[in-house]
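This report concerns only the one structure given below.
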Amino acid sequence: MIRDKLTRIRDTMEQAARRAGRDASTIKLVAVSKFVDPQRILEAVACGQLLFGENYLQEAVEKRPKVDSSTRWHFIGHLQSNKARQAVTLFDVIETVDRLKIAKALDQQAKELDKELSVLVQVNIGREPQKSGVLPQDTQALLQDIRHHTNLLVQGLMAMPPFSDNPEDSRPYFKELVILAKQLASAGLFQDNEHVELSMGMSTDFAVAIEEGATIIRVGTALFGERI
Ligand SMILES: *Cc1c(COP(=O)(O)O)cnc(C)c1O
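If you read the sequence shown in numbering that gives the first Met the number 0, its first letter stands for residue 0, the second for the next number, and so on.
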């Protein structure tokens with residue numbers, strides 16, 4: 000079941016990459032496992048899926064020890080600064096840094112734990128009032144401030160366009176994130192300005208995201224089924 004779904008997702012990734020003249024092996028699939036129990040995560044691991052995304056710290060605290068130690072985990076939920084230590088301990092990448100306060104807290108904990116922490120900056124690309132993420136026009140200033148926090152490695156940007164059933168609705172937002180990332184890279188604001196990570200695309204729109212340049216896609220429902 001999971002094996003078939005994973006095969007289908009990998010095929011779709013291949014085709015989208017080919018349409019865009021890209022190499023699919025450079026695109027990372029984050030299996031979003033919120034509300035998915037460890038047993039089903041292990042099923043995915045058995046099929047070769049080693050990268051997972053979680054939204055809730057408490058859930059990850061309980062699940063990660065039960066899952067193969069060769070896996071890597073991205074935090075993709077809303078983070079509070081008083082939970083920074085737990086996040087730095089549990090996760091390999093934090094995709095949702097969207098304000099200086101949280102960057103400071105993560106940097107401090109990373110220093111104390113003697114760790115360099117890879118992060119992405121979450122951009123509110125649809126400028127939706129209810130959504131997390133720094134506004135596109137404020138992103139450069141945030142990255143400039145984060146630079147002083149030397150234990151954080153800013154690998155790129157993450158975004159979630161406004162919800163829609165039609166994947167084509169996401170395309171202009173993906174394009175906008177790519178343009179923003181290029182501007183910030185030319186200002187030298189990422190860890191590696193030649194290889195900027197773009198985490199964009201979920202179950203419904205990941206093929207479009209890959210066509211537009213996603214290097215990380217975050218897929219839950221298409222792999223594990225509807226969340227209840
Ligand atoms: C839940 C979630 C996903 C996965 O969404 P699906 O539509 O189930 O693929 C991706 N990114 C974030 C930030 C999420 O919260």
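Quick reminder that beta carbons are idealized off the backbone N, C-alpha and C, glycines included. Just so we're clear, the structure is a prediction, and the values are computed from it rather than from any experiment.
DSSP three-state call for R217: helix, strand or coil? strand
Say yes only if the C-beta of L220 is nearer than 7 angstroms to one or more non-hydrogen atoms of ligand 1, and no if none qualify. The residue asked about is misnamed: residue 220 is Thr in this sequence, not Leu. For ligand 1, at least one heavy atom lies less than 7 angstroms from the Cβ of T220.
Since E53 is in the beta strand (DSSP E), which residue starts that stretch and which ends it? 50-53
Could you check whether the Cβ of V31 sits closer than 7 angstroms to any heavy atom belonging to ligand 1? yes
Can you tell me which of the three DSSP states K33 falls into? coil
Please classify P166 as buried or exposed, where buried requires at least 16 other C-beta atoms within 10 Å of its C-beta. buried
For D113, which option in L119, R126, T149 has the closest C-alpha, if you only look at C-alpha atoms? T149
Let me check understanding here. Comparing Cα to Cα, which of L89, I124, H147 lies closest to K100? H147
Tell me the residue span of the alpha helix (DSSP H) that contains Q79. First-last for Q79: undefined, no H or E at that position.
Can you name, in chain order, every residue of its own chain whose Cβ lies under 7 angstroms from the Cβ of P161, other than the five neighbours on each side? G125, E127
For T95, which of helix, strand or coil comes out of DSSP? strand
Could you spell out the range, first to last residue, of the beta strand (DSSP E) harbouring L151? 151-158
Please work out which residues of its chain come closer than 7 angstroms, Cβ to Cβ, to R18, disregarding the five sequence neighbours upstream and downstream, and give them in chain order. E210
Whole-angstrom Cβ separation of L142 and L188, contact assumed at under 8 angstroms? 4 angstroms
Report back the beta-carbon spacing between L56 and L5 to the nearest angstrom; my notes put them in contact at under 8 angstroms. With 8 angstroms as the limit, L56 and L5 do not qualify as a contact, their Cβ atoms being about 26 angstroms apart.
Ignore the nearest five residues each way along the sequence and tell me which others in F34's own chain have a CB closer than 8 angstroms to its CB. E58, R226, I227
Using only the alpha-carbon positions, how far apart do Q107 and Q14 sit? 42 angstroms
Could you check if S202 belongs to the surroundings of ligand 1, using beta carbon to heavy atom distance under 7 angstroms? yes
Per DSSP, L119 is paired with what? G155
Can you name, in chain order, every residue of its own chain whose Cβ lies under 6 angstroms from the Cβ of M157, other than the five neighbours on each side? E94, L119, Q121, S198
Buried or exposed: K174, going by 16 or more other Cβ atoms within 10 Å of its Cβ? exposed
When we look at the beta-carbon of P171 and count the other beta-carbons within 10 Å, is it buried (16 or more) or exposed? exposed
Quickly, what does DSSP pair V133 with across the bridge? List them, please. V122
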